[in-house]
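Taken in order, these protein sequences are the chains called A and B.
Numbered according to the numbering used here, the first sequence spans residues 26 to 187.
Numbered according to the numbering used here, the second sequence spans residues 733 to 1517.
Don't be surprised by glycine CBs; every beta carbon is placed ideally from N, CA and C.
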Amino acid sequence: MKKKSKQLITLFVNGNEYEMALRPNRTLLEVLREDLRLTGTKEGCDDGVCGSCTVLMNGVPIRSCLCLAVEAQGKAITTIEGLAEGHRLHPVQQAFVDQGAIQCGYCSPGMILTAKALLDRNPQPTEGEIKESISGNFCRCTGYNKIVTAIQTAGRIVGGEK
Amino acid sequence: MDDLLYIGKSIPRKDGPIKATGRAQYTVDISLPGMLVGKVLRSPYPHARILHIDTSLAEKLPGVKAVVTAADSLQIKHGFVETPRYPADQYPMAVDTVRHVGEDIAGVAAVDEDTAEEALNLIRVEYEPLPAVFDPEEAMKPEAPEIHPNHPKVKDTYRNIGGKTETGWGDLEKALKESYLIREDKYYCQMRTHGYLEPQATVAHFDFSGKLNVWTSGMGVFLKRAKLAKTLGLPYSNVRVLKTYVGGAFGGKIDLFHHEYISALLSMKSHQPVKIVYSREEVFKASRHAQPLIVQIKTGVAKDGTILGQEIRTINDSGAYHGSGVVVIFLAWGFAMAPYRIPAMKYAGYSVYTNNLVRAPQRGHGAPKMRFAIESQFDMIAETLGIDPLEFRLRNAREPGELLPNGDSVKNFGLRDCLLKSAERTAFRDKYQAARTGRECDNKIKRGIGIGTTSYFGGSLIYPNSSTVIVRLNDDGSASLVTGALDIGQGCETVLSQIVAEELGIPIEEVQIYAADTETTPVDIGSWISGLTYVTGNAAKKAASQAMKKLLLVAAEELQADVKDLRTHRKEIFVTQAPNRRITYAQAIAASIAKNKGDSIIGEGHFRTMKDEPTHPSLATAKGRWSENYSNYATVAEVEVDTETGMIKILKATTAHDCGFPLNPNLVEGQIDGQVSMGQGHILSEELRVEEGCVINPSFLEYKMPSAMEMVETDYVDVITEKYEKDRHYNTKEVGEGYVSGTVAAVANAVYNATGLRLTRTPFSPDRVLEGLEQMGKKEKEEHG
Chain A
26 MKKKSKQLIT
36 LFVNGNEYEM
46 ALRPNRTLLE
56 VLREDLRLTG
66 TKEGCDDGVC
76 GSCTVLMNGV
86 PIRSCLCLAV
96 EAQGKAITTI
106 EGLAEGHRLH
116 PVQQAFVDQG
126 AIQCGYCSPG
136 MILTAKALLD
146 RNPQPTEGEI
156 KESISGNFCR
166 CTGYNKIVTA
176 IQTAGRIVGG
186 EK
Chain B
733 MDDLLYIGKS
743 IPRKDGPIKA
753 TGRAQYTVDI
763 SLPGMLVGKV
773 LRSPYPHARI
783 LHIDTSLAEK
793 LPGVKAVVTA
803 ADSLQIKHGF
813 VETPRYPADQ
823 YPMAVDTVRH
833 VGEDIAGVAA
843 VDEDTAEEAL
853 NLIRVEYEPL
863 PAVFDPEEAM
873 KPEAPEIHPN
883 HPKVKDTYRN
893 IGGKTETGWG
903 DLEKALKESY
913 LIREDKYYCQ
923 MRTHGYLEPQ
933 ATVAHFDFSG
943 KLNVWTSGMG
953 VFLKRAKLAK
963 TLGLPYSNVR
973 VLKTYVGGAF
983 GGKIDLFHHE
993 YISALLSMKS
1003 HQPVKIVYSR
1013 EEVFKASRHA
1023 QPLIVQIKTG
1033 VAKDGTILGQ
1043 EIRTINDSGA
1053 YHGSGVVVIF
1063 LAWGFAMAPY
1073 RIPAMKYAGY
1083 SVYTNNLVRA
1093 PQRGHGAPKM
1103 RFAIESQFDM
1113 IAETLGIDPL
1123 EFRLRNAREP
1133 GELLPNGDSV
1143 KNFGLRDCLL
1153 KSAERTAFRD
1163 KYQAARTGRE
1173 CDNKIKRGIG
1183 IGTTSYFGGS
1193 LIYPNSSTVI
1203 VRLNDDGSAS
1213 LVTGALDIGQ
1223 GCETVLSQIV
1233 AEELGIPIEE
1243 VQIYAADTET
1253 TPVDIGSWIS
1263 GLTYVTGNAA
1273 KKAASQAMKK
1283 LLLVAAEELQ
1293 ADVKDLRTHR
1303 KEIFVTQAPN
1313 RRITYAQAIA
1323 ASIAKNKGDS
1333 IIGEGHFRTM
1343 KDEPTHPSLA
1353 TAKGRWSENY
1363 SNYATVAEVE
1373 VDTETGMIKI
1383 LKATTAHDCG
1393 FPLNPNLVEG
1403 QIDGQVSMGQ
1413 GHILSEELRV
1423 EEGCVINPSF
1433 LEYKMPSAME
1443 MVETDYVDVI
1453 TEKYEKDRHY
1463 NTKEVGEGYV
1473 SGTVAAVANA
1483 VYNATGLRLT
1493 RTPFSPDRVL
1503 EGLEQMGKKE
1513 KEEHG
């Protein structure tokens, strides 16, 4: 198999700058997990359906399995590891813990980042808006009920802080 | 239970923060120095003889470190069930014949994924295709191709019978003769899949001390160890299965999976760590899915709705090997007989080989299918008799203390209360009647309400049959909880910590758990068979209370008081009558070390169910005790059916559940919500489509699981039938599996209530609904026209 030559790119992940030589066919998901060892970002389907691999690119949720690493050049990437401040959980993370919105936890990183992006632009979303925003993130454990409650709870805290 | 500190409280899960921050390490996240990528070559044929395998080209490819086939293995079979009646029947890698598409032929380990993939393409396999059969009823016919010879003890004239459960009681012939009404129906349940988000994955590392270390996305470490040790010919001591976080399982990760075996074999050959992670397509096309089931029921009732007798026949398409097929035909009997009195019964369940994928349990393991079938028929019978569905169920529901045909007592059975409370909460009777009259109106959207019930066993005897827990007090009175239990998301680490904190009277933050490592933790029953909270929970309780007793004995000596006069508060022990005479836990532990030959206070607890039973009940005859505790559920579902599009929307699911008592209400609610969602997928949208033994919708795009847009509003009512008391064994019942069935059955009945359409095949997809409505319309026209 012929391998494509590597490209030199700069990634900004969780506020850190990484200079990397990468083959252009590698996805952002692979590079985050394998090269940067940020394994909080999960692979669930590799089809762009399940949402487990969601990260934020300039604050917008994207599926890192459908994004080539070279496309992330110069953009600000946030993964789940970049959300808590030291030991202090982000309000969305805290609400997920408190409300029982986490079971197996495999969908949680993608779900939490999607919720954070929603609350950043709309701190008081309706139940319908919440459901719509997380409709691309599968959860097989919770039936979504406690996730929706957690996002509403976090919204009240995020909204109150502003 | 008001004086309890932690039990009965919604304590947030202990592993919440580590999961919320993305720091929890799942099997897919593990990376070891020098780790190779493993891949599996699979059969493209549903049934074929293997004539020749040539791996020489693959072995020569630079970067390939090991290639294995059955020739490299000991060729020891394994099985989901391994009993004298049903011995192990499946090789971890095909030896001379393949019997389903995707059967494992060879494994390769290489330095990277591309090289491993390329190596697979270089392996040459010569097959001689054999005739295949995919439908279980076809496979039973005398002219069907033989996949395996019939089970030697099954004397039927059918072909491909891998197993049979046959049981009965009472005089069925007489019961049917005396019946006012006899109804016979046949129901079909589709093949679904678990939909766990973390794919099947293993990391195996055979180190230079001769020990195999395994991290795998499973449901319990001790069963994995037993099966790996057996098939690899290693002593148990040389196989270490370690804890990882597990990204969902739902029954689909119990047994030995071949990637576990193949990665181990590749590591043994290459002496490097090997990781195999299935792609999602591979999970769909080659892993185990849930049990499809055909259920035929004949029921005879008296005029007042009393059930007099029932004849049930189930046919399970077990796929190419036993898998859990010979178990589901046994369980189906149990899910039929437990909730309601059936004075006479004749039951026969057949597990039939086909050239389909092998099956695994999925949450409920047969219950959703059985209760869908039986509860659908109940409503039809009730309607014919002019009795409402609730009344019909109340008339036949078992009462506490009744004995089941196998000798189990339903000593604390809350089914009746579940029925009454769920109906009351939802105004069931009024809405049910209103919907029946509402059917006639012109509105294209019809609303309906339906009820479904289940009762479910827990903690039955199956390897390793018991749990042991160790509670170790530290010098300062904090505790280490050592258990073999593996938390797969249900929250057992949290619940076990609650129990230990409660018994010891210490803050829950001071209980640290060390779990699921076959080398350093004691044996555990596993996160299946719906028994962990009951079995391991009681072991934890015993261990903690033993440690507490030791602590109090030392304190009594130090305080010169009688043990029964001692009380504890905030890690201090004091004399009730003279609270100033007190000693801290830390002081008592130091005293124990000083005076009791260094005993730093360790408690040990063991637990198994049905201690007078040698083993599990007979899979052939269903004789023998099955469970000590039966949970109960009644579910009321409210639905909307769009008669123009065939779309069904579940508006609300209300459950009254008798799980004994909730140790952690928030976790109980989480289990119920998840099961409503899984039941929703079962009844409305999920179906694996298979052609010639090959799954043709192998992605989440084409296999439609519920998303947040379809989220069902849930409501819960507790029916409390047991309680927790300190320092005593407690009874609790499962809450993680049975409820799927209630949802499925309730929705089926609600759809009928809304439209008059009775579907007998799941899922109720829009095309089936529309076709059903059309046929119903035609029939009505014929009758009235």
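For residue j and residue i, the rounded distance between their alpha carbons
| i | j | result |
| --- | --- | --- |
| Cys164 (chain A) | Ala126 (chain A) | 10 Å |
| Glu1376 (chain B) | Gly1096 (chain B) | 33 Å |
| Leu1399 (chain B) | Lys746 (chain B) | 12 Å |
| Arg181 (chain A) | Asp145 (chain A) | 12 Å |
| Ala1034 (chain B) | Lys918 (chain B) | 21 Å |
| Leu854 (chain B) | Val830 (chain B) | 20 Å |
| Arg1204 (chain B) | Lys885 (chain B) | 50 Å |
| Gly111 (chain A) | Asp1219 (chain B) | 26 Å |
| Gly983 (chain B) | Ala871 (chain B) | 26 Å |
| Pro148 (chain A) | Asn170 (chain A) | 19 Å |
Interface residues of chain A facing residue i [CB-CB closer than 9 Å]
| i | result |
| --- | --- |
| Phe1432 (chain B) | Gly69, Cys70, Asp72, Val74, Cys75 and Phe163 |
| Ser1409 (chain B) | Cys164, Arg165, Cys166, Thr167, Gly168, Tyr169 and Asn170 |
Under 8 Å by beta carbon: chain A residues contacting residue i
| i | result |
| --- | --- |
| Thr753 (chain B) | Gly65, Ile105, Glu106, Leu108, Ala109, Leu114 and Gln118 |
| Pro749 (chain B) | Leu114, Gln118 and Val122 |
| Ile1220 (chain B) | Cys129 |
Contacts around residue i, its chain only, beta-carbon distance under 6 Å, and the 5 residues preceding and following it disregarded
| i | result |
| --- | --- |
| Asp1447 (chain B) | Thr1386 |
| Leu988 (chain B) | His810 and Lys959 |
| Ile1325 (chain B) | Ser1332 |
| Lys975 (chain B) | Ala1247, Ala1248 and Asp1249 |
| Lys1465 (chain B) | Gly1190, Asn1361, Ser1363, Cys1391 and Gly1392 |
| Arg1045 (chain B) | Gln1028 and Ala1080 |
| Phe1339 (chain B) | Ser1199, Val1267, Asn1270 and Ala1271 |
| Lys741 (chain B) | none |
Nearest candidate by alpha-carbon position, reference residue i, set the options
| i | options | result |
| --- | --- | --- |
| Met767 (chain B) | B:Gly1191, B:His937, B:Gln1222 and B:Val1451 | B:His937 |
| Ala1167 (chain B) | B:Ser1431, B:Gly950, B:Val1371 and B:His832 | B:Val1371 |
| Ile914 (chain B) | B:Lys1030, B:Glu1515, B:Gln1004 and B:Ala1318 | B:Lys1030 |
| Glu1336 (chain B) | B:Asp1140, B:Ile994, B:Glu1418 and B:Ala1272 | B:Ala1272 |
| Glu1345 (chain B) | B:Ile1181, B:Val1267, B:Leu1351 and B:Ser1359 | B:Ser1359 |
| Gln32 (chain A) | A:Gln98, A:Ser89, A:Leu81 and A:Arg62 | A:Gln98 |
| Val1015 (chain B) | B:Gly927, B:Glu1424, B:Arg817 and B:Thr1158 | B:Gly927 |
| Ala1388 (chain B) | B:Lys1296, B:His1516, B:Val1255 and B:Gly1184 | B:Gly1184 |
| Leu108 (chain A) | B:Lys751, B:Ala802 and B:Pro824 | B:Lys751 |
| Ala1211 (chain B) | B:Ala1217, B:Leu1218, B:Ile1220 and B:Ile1238 | B:Ile1238 |
| Asp735 (chain B) | B:Val1467, B:Thr1300, B:Val1368 and B:Gln1319 | B:Thr1300 |
| Ala876 (chain B) | B:Tyr977, B:Pro1397, B:Val1084 and B:Glu849 | B:Val1084 |
| Met1443 (chain B) | A:Gln177, A:Thr178 and A:Val173 | A:Val173 |
First and last residue of the uninterrupted beta strand (DSSP E) at residue i
| i | result |
| --- | --- |
| Glu1304 (chain B) | Glu1304 to Val1307 |
| Met1342 (chain B) | Run containing Met1342 (chain B): none; DSSP gives neither H nor E here. |
| Lys1007 (chain B) | Val1006 to Val1009 |
| Glu1370 (chain B) | Ser1363 to Asp1374 |
Neighbourhood of residue i by C-beta, 8 Å cutoff - its chain only, sequence neighbours within 5 removed
| i | result |
| --- | --- |
| Gly1037 (chain B) | Ile1113, Ala1114, Leu1117, Ile1119, Glu1123, Phe1124, Arg1127 and Asn1128 |
| Gly168 (chain A) | none |
Contacts around residue i, its chain only, beta-carbon distance under 7 Å, and the 5 residues preceding and following it disregarded
| i | result |
| --- | --- |
| Gly161 (chain A) | Gly76 |
| Lys29 (chain A) | Arg48, Pro49 and Asn50 |
| Val1232 (chain B) | Val1203, Ala1211, Leu1213, Val1243, Ala1272 and Ala1276 |
First through last residue of the alpha helix (DSSP H) which encompasses residue i
| i | result |
| --- | --- |
| Gln32 (chain A) | No alpha helix (DSSP H) contains Gln32 (chain A), which is instead part of the beta strand (DSSP E) from Gln32 to Val38. |
| Tyr1317 (chain B) | Tyr1317 to Lys1327 |
| Gln1042 (chain B) | No alpha helix (DSSP H) holds Gln1042 (chain B); the beta strand (DSSP E) holding it covers Ile1039 to Gly1051. |
Closer than 7 Å at the beta carbon, the chain A residues around residue i
| i | result |
| --- | --- |
| Ser1439 (chain B) | Ser160 and Phe163 |
Short CB-CB distance (under 8 Å) between residue i and chain C
| i | result |
| --- | --- |
| Glu157 (chain A) | The displayed structure is made up of protein chains A and B, and chain C is not among them. |
Beta-carbon neighbours of residue i, restricted to chain B and to distances below 9 Å
| i | result |
| --- | --- |
| Ile102 (chain A) | What Ile102 (chain A) touches in chain B: nothing, since even the nearest Cβ is about 14 Å away. |
Contact list for residue i against chain B, beta-carbon separation under 7 Å
| i | result |
| --- | --- |
| Pro150 (chain A) | Going along chain B, no residue has its Cβ under 7 Å from Pro150 (chain A), so there is no contact; the nearest lies around 12 Å. |
| Ser133 (chain A) | Lys751 and Ala752 |
Cβ-heavy atom distance, residue i to the ligand MG, below 7 Å
| i | result |
| --- | --- |
| Ile1415 (chain B) | Summarising the ligand content, the structure contains no ligands, and the ligand MG is consequently not present. |
Within chain B, partners of residue i - CB distance below 8 Å
| i | result |
| --- | --- |
| Ile137 (chain A) | Ala752 |
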